[in-house]
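Under this note's numbering, the first residue of the sequence shown is numbered 563, with each subsequent residue one higher.
Everything below concerns the one structure shown next.
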Amino acid sequence: MYRTLLTGALAAALSAPLPLAMAADTGADTGTSADTGIGAADLEAADHPYYADAEGRTGEALKAALHDIISADVTRLSYSQVWDALKETDQDPSDPGSVILLYTGESRGADENGGNVGDWNREHVWAQSHGDFGTSAGPGTDIHHLRPTDVQVNSTRGNKDFDDGGSPVSSAPGNFTDADSWEARDEDKGDIARMLFYMAVRYEGDDGFADLELDDDTSNGGTPFHGRLSTLLEWHAQDPPSAAEERRNEIIFTDYQGNRNPFIDHPEWAESIWG
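This is the structure:
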């Protein structure tokens, strides 16, 4: 099995059912789950060749191996293609014509996308200014960290780092913010942490973009850093990968970019690299 035994608080938090394995070559399901659309065969937790070069590694060696794995043969989307991708990756399972918004959990019509009040737009969870990568093909269009978000909530979050504390956000109950940080609602905390873990491994400065790194600060502004790392590790442990997150990872791999977020498949690897 590819989830190894951990010790301490992280192990307890990550003791949820094992994440789904890679889909078969055809993507066909047998015994499909009514809730997720993922078949029983997909839920097997056996090792997969995708991660073969990372198995047995720890620390910086693991980070380097994962970077090579998730950077190989990746399809880069245009910023306009992101709209259609998010309509599939974040589709409301109870209403296929809608998407689920990050930070609020609200279901909103998939075609209500744009820049006006009441629309949803494309939230860069790793803020664009934290690396100055804009929206050209690359980190600015990587849907592993792009999520549908209410336009006004997106604006309120801005480019703040993530941390606990602050005042309640009236437009997004359960979220809090202050001058330099944003605390997401509990249901999104782990998702956010794993998206930032992915970005810090995927973009290492060897492809024309900045070397993105995590630190323990909340005043990163326009630097290629994002924080607060200690808080993100706590969020990751507190909120393990959900079925929706695993499904999203699978869709990105099979239908769009051809790569995976390893911290959804192997939650224990975050502690190995940054713990």
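For every residue, glycine included, the Cβ atom is placed at its ideal position computed from N, Cα and C.
Here the structure is a predicted model, which means the values were calculated and not measured.
- Counting Cβ pairs, one atom from each stretch, are 3 or more of them under 8 Å apart for the stretch 754-773 and the stretch 818-827? yes
- Message: Taking a contact to mean a Cβ-Cβ separation below 8 Å, would you say residue 710 touches residue 661 in this structure?
- Response: yes
- Message: Less than 8 Å between the C-beta atoms of residue 738 and residue 752, yes or no?
- Response: No, Cβ-Cβ distance for residue 738 and residue 752 is not below 8 Å.
- Query: Taking three-plus beta-carbon pairs below 8 Å as touching, is the stretch 669-686 in contact with the stretch 702-722?
  - Reply: Judged by Cβ distances under 8 Å, the stretch 669-686 makes contact with the stretch 702-722, as three or more pairs qualify.
- Specify the secondary structure class of residue 770 as computed by DSSP and reduced to three states. Here residue 770 carries a coil assignment [DSSP, helix/strand/coil].
- Three or more C-beta pairs closer than 8 Å, one from the stretch 788-804 and one from the stretch 694-703: is that the case here? no
- Any idea which residues DSSP pairs residue 709 with across the strands? Answer is 685.
- Task: For residue 643, name the three-state secondary structure that DSSP assigns.
- Result: helix
- What is the DSSP secondary structure of residue 702, reduced to helix, strand or coil? helix
- Query: For residue 629, which residues of its own chain have a beta-carbon under 8 Å away from its beta-carbon, when the five flanking residues on both sides are left out?
  - Reply: 763, 764 and 766
- Query: Name the DSSP beta bridge partners of residue 743, please?
  - Reply: 723
- Residue nearest to residue 665 in terms of C-alpha spacing, selected from 791, 695 and 745: Nearest C-alpha to residue 665: 745.
- Message: Is the separation between the beta-carbon of residue 742 and that of residue 718 shorter than 8 Å?
- Response: no
- Task: Go to residue 633, then tell me how far its alpha helix (DSSP H) extends in each direction, as first and last residue.
- Result: 621-633
- Enumerate in chain order the residues of its own chain whose CB-to-CB distance from residue 754 is below 7 Å, with the five nearest sequence positions on each side excluded. Take residue 754, set aside five residues on each side of it, and the residues of its chain with a beta-carbon closer than 7 Å to its own are 687, 724, 746 and 797, in chain order.
- Task: Please report the residue range of the beta strand (DSSP E) in which residue 662 lies.
- Result: 657-662
- Query: Under three-state DSSP, which class holds residue 678?
  - Reply: coil
- Query: Run through DSSP, which three-state label would residue 819 get?
  - Reply: coil
- Same chain, Cβ closer than 6 Å to residue 721, neighbours up to 5 away in sequence not counted: 689 and 691
- Considering only residues of the same chain and omitting the five flanking positions on each side of residue 768, which have a CB-CB separation below 6 Å? none
- Item | Buried versus exposed, by CB contacts within 10 Å (16 or more), residue 635 | By the 10 Å Cβ count, residue 635 comes out exposed.
- What does a CB cutoff of less than 7 Å around residue 647 pick up in its chain, not counting 5 residues either side in sequence? 639, 705 and 818
- Query: Short check: CB of residue 693 to CB of residue 672, under 8 Å?
  - Reply: Cβ distance not < 8 Å, so residue 693 and residue 672 don't count as in contact.
- Label residue 622 either buried or exposed according to how many other C-beta atoms from any shown protein chain fall within 10 Å of its C-beta, with 16 as the threshold for buried. exposed
- Task: Pull up the CB-CB distance for residue 620 and residue 834, whole angstroms please, since I reckon it's below 8 Å.
- Result: 5 Å
- Query: Three-state secondary structure (DSSP) at residue 775?
  - Reply: The three-state reading of DSSP puts residue 775 in strand, counting E and B together.
- Relative to the alpha-carbon of residue 787, which residue among 830, 732, 625 and 695 has its alpha-carbon at the smallest distance? 695
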